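Chains as they are written, first to last, in my numbering: chain X, 397 to 724; chain B, 397 to 724.
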């Protein structure tokens with residue numbers, strides 16, 4: 397298997413290169429780095445790796461997070477994401493991993509690599525931790541204006557993903573809503589409820605945002621605007637709480653031991669909430685595996701994202717989505 | 397001043413009666429209890445109060461949280477909320493405080509008491525704590541399907557509320573969105589941005605959900621579906637984090653002192669997040685002061701809600717909304 401790494405994307409390009417090399421060594425895979433050639437070579441000088449397994453394709457530009465994705469894709473022909481996705485399209489490799497702009501990766505995935513036939517939009521699934529188990533949120537921010545038919549298709553793709561990648565048999569799908577009863581919510585929620593209820597999906601009804609860390613649902617469905625607000629809101633409040641507690645801890649009265657005890661627990665908990673362990677997430681609905689890694693990924697996160705890409709490839713997830721789309 | 401208390405609403409009717417009596421004693425106000433007469437009399441037997449200041453109006457029914465508000469209002473003519481709101485409409489008192497169903501209170505407010513002339517919908521403002529200061533979320537769940545014109549009016553009412561009640565000069569209004577730049581978001585967000593930018597409101601641009609506890613905005617604007625998801629999501633994750641930390645604390649290795657130290661900090665922080673200190677929130681846009689108290693309010697929360705109602709009344713908030721609606 398051969399994986400393309402976007403070496404210009406993300407906050408720590410050096411970590412991307414180290415993580416990719418670690419992955420190549422550990423998982424015995426071939427790698428193409430796409431990015432600033434001299435920088436990549438410099439980084440590689442400090443690392444041990446099998447020269448036959450690693451190649452470089454130059455790309456002088458980078459698409460920033462605050463650029464308009466569609467505009468930037470047209471303007472920056474030599475952006476690493478553009479070059480990487482074109483290589484993927486030409487089947488020069490089996491997957492792309494990028495820690496760059498989510499919007500550019502999604503738009504590039506759609507325009508340069510293309511959607512699976514019959515898929516109307518691509519989505520970004522995001523997993524969040526819970527008291528009993530993790531829950532997947534779809535759409536976590538790819539599609540701003542959606543309708544019930546689109547949401548149903550997101551649920552179908554998510555259901556195949558949960559079954560084939562996470563081995564969850566008959567995944568439970570819930571609709572994010574403002575109340576648990578049928579008939580609650582805005583018109584999009586009401587229409588989507590009807591569609592899901594009459595589908596072959598394992599629809600278990602509405603779930604409120606309060607229950608998101610304590611739901612039996614494997615997948616919680618919402619549009620990308622709502623999903624983005626929910627996920628960023630959760631992220632922000634988690635940071636707020638941990639910061640406030642650390643502050644109280646530091647400025648409060650207590651012995652060194654007492655402070656150290658609490659500081660350790662808070663530190664471990666912060667780590668648990670940190671997404672780096674997972675490494676990346678696939679953009680569902682595209683013709684080939686395109687993996688979004690976190691912008692601030694370190695080498696370990698990149699290696700984990702690569703392990704994930706290998707799994708996606710070996711389990712033939714994309715073929716399975718193709719084959720199962722019409723079923724529900 | 398005379399305040400009506402819904403004695404059937406909420407989880408702890410006994411606490412409502414105690415809190416109201418405390419308020420009557422402390423603030424020297426008249427009270428009408430609306431609810432189960434015998435129950436109210438029994439509760440009053442245990443309390444010290446000025447008999448001239450307290451009266452009871454019987455109401456045998458209660459609208460539950462899971463009932464359809466509009467249907468329940470029509471069906472349950474003797475529900476405490478219906479009787480209370482009719483008394484308010486007939487000017488038998490100056491404000492209603494209820495810890496009952498938000499939906500029923502809102503629908504009853506609209507149908508029985510009525511909107512301020514020119515106001516299209518009523519909204520529920522909710523204040524959340526932040527690192528530097530609190531921020532108000534409007535709409536926090538009253539209106540499911542909205543448009544940009546409605547959202548602008550919510551911002552206008554919220555702006556008057558912040559200025560007149562909280563003494564915030566020229567309140568800063570931000571739009572909840574998925575990115576900080578103009579042009580981000582769904583069509584509702586884009587349209588609302590345009591409207592706010594061209595209004596006389598002090599519009600400071602988009603704010604992401606991640607920044608909600610760390611924004612300079614005094615008011616963050618969104619539709620009721622999104623606001624509900626954000627607020628409940630925040631509530632859920634805060635509970636999840638505190639529960640997880642308490643669990644780790646209890647089951648982890650540490651001396652009694654170390655555990656006690658951390659337990660105290662977590663306990664105090666939980667209290668800080670608890671909404672009971674505030675007591676209640678007004679439904680903005682209605683002809684008279686209708687205050688929603690939390691379902692699980694204790695006596696202290698009810699007394700605080702009453703102090704808040706007195707403030708709203710003395711500051712003539714509703715008149716000020718009436719006079720300022722056309723301005724922006």
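Virtual Cβ for every residue (Gly too), placed ideally from N, Cα, C. A quick note: this is a predicted structure, and the numbers were derived from the prediction, not measured.
When Cβ pairs closer than 8 Å are counted between the two stretches, the stretch 678-697 of chain B is seen to touch the stretch 490-510 of chain B, the count reaching three or more. Counting only unbroken stretches of 4 or more residues, the alpha helix (DSSP H) elements lying wholly within the stretch 561-648 of chain X are 583-593 and 620-647, in sequence order. In the three-state reduction of the DSSP assignment, residue 696 of chain X falls in the helix class, which pools H, G and I. Per DSSP, residue 489 of chain B lies in no beta strand (DSSP E) and is assigned neither H nor E. With the rule of 3 Cβ pairs closer than 8 Å, the stretch 650-670 of chain B does not count as touching the stretch 700-718 of chain B.
Residue contact with chain X for residue 606 of chain B: present (Cβ-Cβ distance below 8 Å to some residue of chain X). Comparing alpha-carbon positions, the option among X/464, X/475 and X/647 lying closest to residue 431 of chain X turns out to be X/475. Note on geometry: alpha-carbon atoms of residue 520 of chain X and residue 502 of chain X lie some 9 Å from one another. Separation of the CB atoms of residue 633 of chain X and residue 609 of chain B is rounded to 6 Å, and the pair is thereby assigned contact status at 8 Å.
Near chain B, meaning a CB-to-CB distance below 9 Å, the residues of the stretch 624-641 of chain X are 624, 625, 626, 627, 628, 629, 630, 631, 632, 633, 634, 635, 636, 637, 638, 639, 640 and 641. The three-state reading of DSSP puts residue 447 of chain X in helix, counting H, G and I together. Within 9 Å of the CB of residue 621 of chain X, the CB atoms of chain B belong to 573, 574, 581, 582, 584, 585 and 622, in sequence order along the chain.
The alpha carbon of residue 615 of chain B has as its nearest neighbour, out of B/621, B/648, B/586 and B/562, the alpha carbon of B/562. Non-local C-beta neighbours of residue 497 of chain B in its own chain, meaning closer than 6 Å and more than five positions away in sequence, comprise 459 and 461, ordered along the chain.
Using a CB distance below 9 Å, the part of the stretch 463-486 of chain X facing chain B consists of 464, ordered along the chain. The C-alpha of residue 478 of chain X lies about 7 Å from the C-alpha of residue 469 of chain X. Contact between residue 449 of chain X and residue 420 of chain X holds, with the beta-carbon distance rounding to 5 Å and staying under 8 Å. In this model, residue 693 of chain B and residue 552 of chain B are separated by some 29 Å (Cα to Cα).
For residue 509 of chain B, the secondary structure class from DSSP, reduced to helix, strand or coil, is helix.
Counted as a single uninterrupted DSSP element, the alpha helix (DSSP H) harbouring residue 413 of chain B occupies residues 409-423.
Of all C-beta pairs linking the stretch 639-647 of chain X to the stretch 558-576 of chain X, fewer than three are shorter than 8 Å, placing the two stretches out of contact. Considering only beta carbons, the part of the stretch 656-686 of chain X lying closer than 9 Å to chain B consists of 656, 657, 658, 660, 661, 662, 664, 665, 668 and 669, in chain order. Taking a Cβ-Cβ cut-off of 8 Å, the neighbours of residue 541 of chain X in chain B comprise 582 and 583, given in sequence order. Assigned with DSSP and collapsed to three states, residue 515 of chain X falls in coil, not helix or strand.
Chain X places a beta carbon closer than 8 Å to that of residue 653 of chain B, counting this residue as a contact. Residue 536 of chain B is positioned such that its CB atom lies closer than 8 Å to that of residue 624 of chain B. Residue 638 of chain B and residue 574 of chain X have their alpha carbons spaced roughly 23 Å apart.
Judged by beta-carbon spacing, residue 541 of chain X lies within the 8 Å limit of residue 583 of chain B, meaning their Cβ atoms are closer than that value. In chain order, 659 and 662 place their CB closer than 8 Å to the CB of residue 642 of chain B, counting only its own chain and leaving out the 5 sequence neighbours on each side. By the 16-neighbour rule on beta-carbons within 10 angstroms, residue 593 of chain X is exposed. Proximity of residue 531 of chain B to chain X, defined by a Cβ-Cβ separation below 8 Å, is not satisfied.
The alpha-carbon of residue 508 of chain B is positioned some 6 Å away from that of residue 482 of chain B. If you draw a straight line from the Cα of residue 428 of chain B to the Cα of residue 576 of chain B, it is about 48 Å long.
At least one CB of chain B lies nearer than 8 Å to the CB of residue 527 of chain X. Put simply, of X/522, X/558 and X/514 the residue whose alpha carbon is nearest the alpha carbon of residue 545 of chain X is X/514.
With respect to residue 696 of chain B, residue 505 of chain B sits apart: the two C-beta atoms are not nearer than 8 Å.
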